[in-house]
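Here the sequence shown stands for residues 19 to 306, numbered as in our numbering. Just so you know, even glycine gets a beta-carbon here, dropped at the ideal spot from N, CA and C. See below for the structure under consideration.
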Amino acid sequence: MPIVLIVGATRGLGAALANYHASQPDTTVFGTTRSAAGPKSDKLSDKIVWVPNIDVAQENCGRSLVNQLPALGGGGGMLEGGIKAFDIVYITAGYFVTEDFTNGPKWDEEVKMYSAFSISKHDTHGRLTGLLATSAISPPFIVYSLSRAKFLKAGSKVVLVSSESGSITLRHEKEGGGNYGHHASKAALNMVGKLLSLDVKDKGIIISVVHPGFMRTEMTAGVGFDKYWDDGGAVPPEEAAKSLAEWVEKDLDMSKSGEYWAPRGPRDIGTADVTIGTGLPTPLHLPW
19 MPIVLIVGAT RGLGAALANY HASQPDTTVF GTTRSAAGPK SDKLSDKIVW VPNIDVAQEN
79 CGRSLVNQLP ALGGGGGMLE GGIKAFDIVY ITAGYFVTED FTNGPKWDEE VKMYSAFSIS
139 KHDTHGRLTG LLATSAISPP FIVYSLSRAK FLKAGSKVVL VSSESGSITL RHEKEGGGNY
199 GHHASKAALN MVGKLLSLDV KDKGIIISVV HPGFMRTEMT AGVGFDKYWD DGGAVPPEEA
259 AKSLAEWVEK DLDMSKSGEY WAPRGPRDIG TADVTIGTGL PTPLHLPW
């Protein structure tokens, strides 16, 4: 029976991944939330086991996660009949604030994008403009804690949700500069994924870094990117989650550990044609 953990499961891609896996037969799904209890939402499956008070902006995020797991999951929890390890772990969510050279970079916002500062920002009209970040700092703390507590095993798959924006090769004058914190924090996350893959290779644990696709979310709309949705091939989070989950389940193995992939291919990567060519395959192995 597969056991799946989504770190950052309350909204966006994380929520869609949690719902997708919860809909699969004989699958146990754990999802983390920063709040003291699981969210009350009819958009989230009632099959999700919530792990509360997990803040990836805090140093103790990994320890807090593994300390709670033994008591969760029903029956004897994760310790029933011996420690049960996760088959798949996603570390996801996103925080994005735009920057440009005309108005200058934004120090505090860049710090938030690197460290996953735990806020939900709203503009003066009440629209959501920022969410949790996929921190470039927290993944080693989470993976280390899960591994030490034996919640990861040989064959476990850890997926760090990054973005094509973290690829240096894919940057081009066609797209222009700016958005320094967004691009650089994703590049840092990519490096973290590569290094982690080397650290856990002898344990048989698989680490993958992925670009899940350009999505029609509150976050991309909040920074004005909804104007690119149609031309950019943006899809609902549910569609991106299905593509990602199916790739993780069927195609991701140790031969791809430490690599950077776009399960949906180049269709929403606007600079792919001018940087790495045309006629590219799906899924696509991305360049760093």
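If you draw a straight line from the Cα of residue 259 to the Cα of residue 230, it comes to about 7 Å. Proximity to residue 280 across 77, 163 and 232 peaks at 232, based on C-alpha coordinates. Beta-carbon to beta-carbon, residue 25 and residue 106 are separated by about 11 Å, too far to satisfy the 8 Å threshold.
Under the DSSP assignment, residue 306 falls outside any beta strand (DSSP E); it carries neither an H nor an E label. Residue range 21–25 is occupied by the beta strand (DSSP E) that includes residue 24. The beta carbon of residue 117 is closer than 8 Å to those of 123, 124, 127, 128, 196, 197, 198, 199 and 200 in its chain, skipping five residues each way along the sequence.
If you look at residue 159, you'll find it isn't in any beta strand (DSSP E); it sits in the alpha helix (DSSP H) that goes 156–166. Secondary structure at residue 102: coil, using DSSP grouped into helix, strand and coil.
Per the C-alpha coordinates, the member of 37, 27, 34 and 102 positioned closest to residue 71 is 27. The DSSP-derived three-state label of residue 47 is strand. Under the Cβ criterion (8 Å, minimum of three pairs), the segment 285–295 counts as touching the segment 186–196. Annotation: residue 53 to residue 68 spans about 10 Å, alpha carbon to alpha carbon. Between the C-alpha atoms of residue 207 and residue 255 there is a straight-line separation of about 21 Å. Taking residue 283 as the centre and dropping the five residues before and after it, the same chain places the C-beta of 298, 299, 300, 301 and 302 closer than 8 Å to its C-beta, in chain order. The beta carbon of residue 158 is closer than 7 Å to those of 210 and 214 in its chain, skipping five residues each way along the sequence. In the structure shown, residue 175 falls within a strand segment according to DSSP collapsed to helix, strand and coil.
In this structure, residue 84 sits near residue 169, with a CB-CB distance shorter than 8 Å. The alpha-carbon separation between residue 248 and residue 48 amounts to approximately 33 Å.
Excluding residues up to 5 positions away in sequence, 175 and 226 lie with their Cβ nearer than 6 Å to the Cβ of residue 270 in the same chain. At a Cβ-Cβ threshold of 8 Å, residue 40 and residue 66 count as neighbours. Where residue 280 is concerned, the enclosing beta strand (DSSP E) starts and stops at 278–280.
Collapsing the DSSP output to three states places residue 67 in a strand. Per DSSP, residue 215 is one residue of the alpha helix (DSSP H) stretching across 198–218.
Exposure of residue 78 is indicated by the presence of fewer than 16 other C-beta atoms within 10 angstroms of its C-beta. For residue 226, the three-state secondary structure derived from DSSP is strand. Taking C-beta atoms under 8 Å as the contact rule, residue 162 and residue 222 fail to qualify, at a distance of about 16 Å.
Judged by beta-carbon spacing, residue 30 lies within the 8 Å limit of residue 237, meaning their Cβ atoms are closer than that value. A distance below 8 Å separates the beta carbons of residue 131 and residue 203. The DSSP-derived three-state label of residue 122 is strand. When secondary structure is reduced to three states using DSSP, residue 115 falls in the coil class, being assigned neither helix nor strand.
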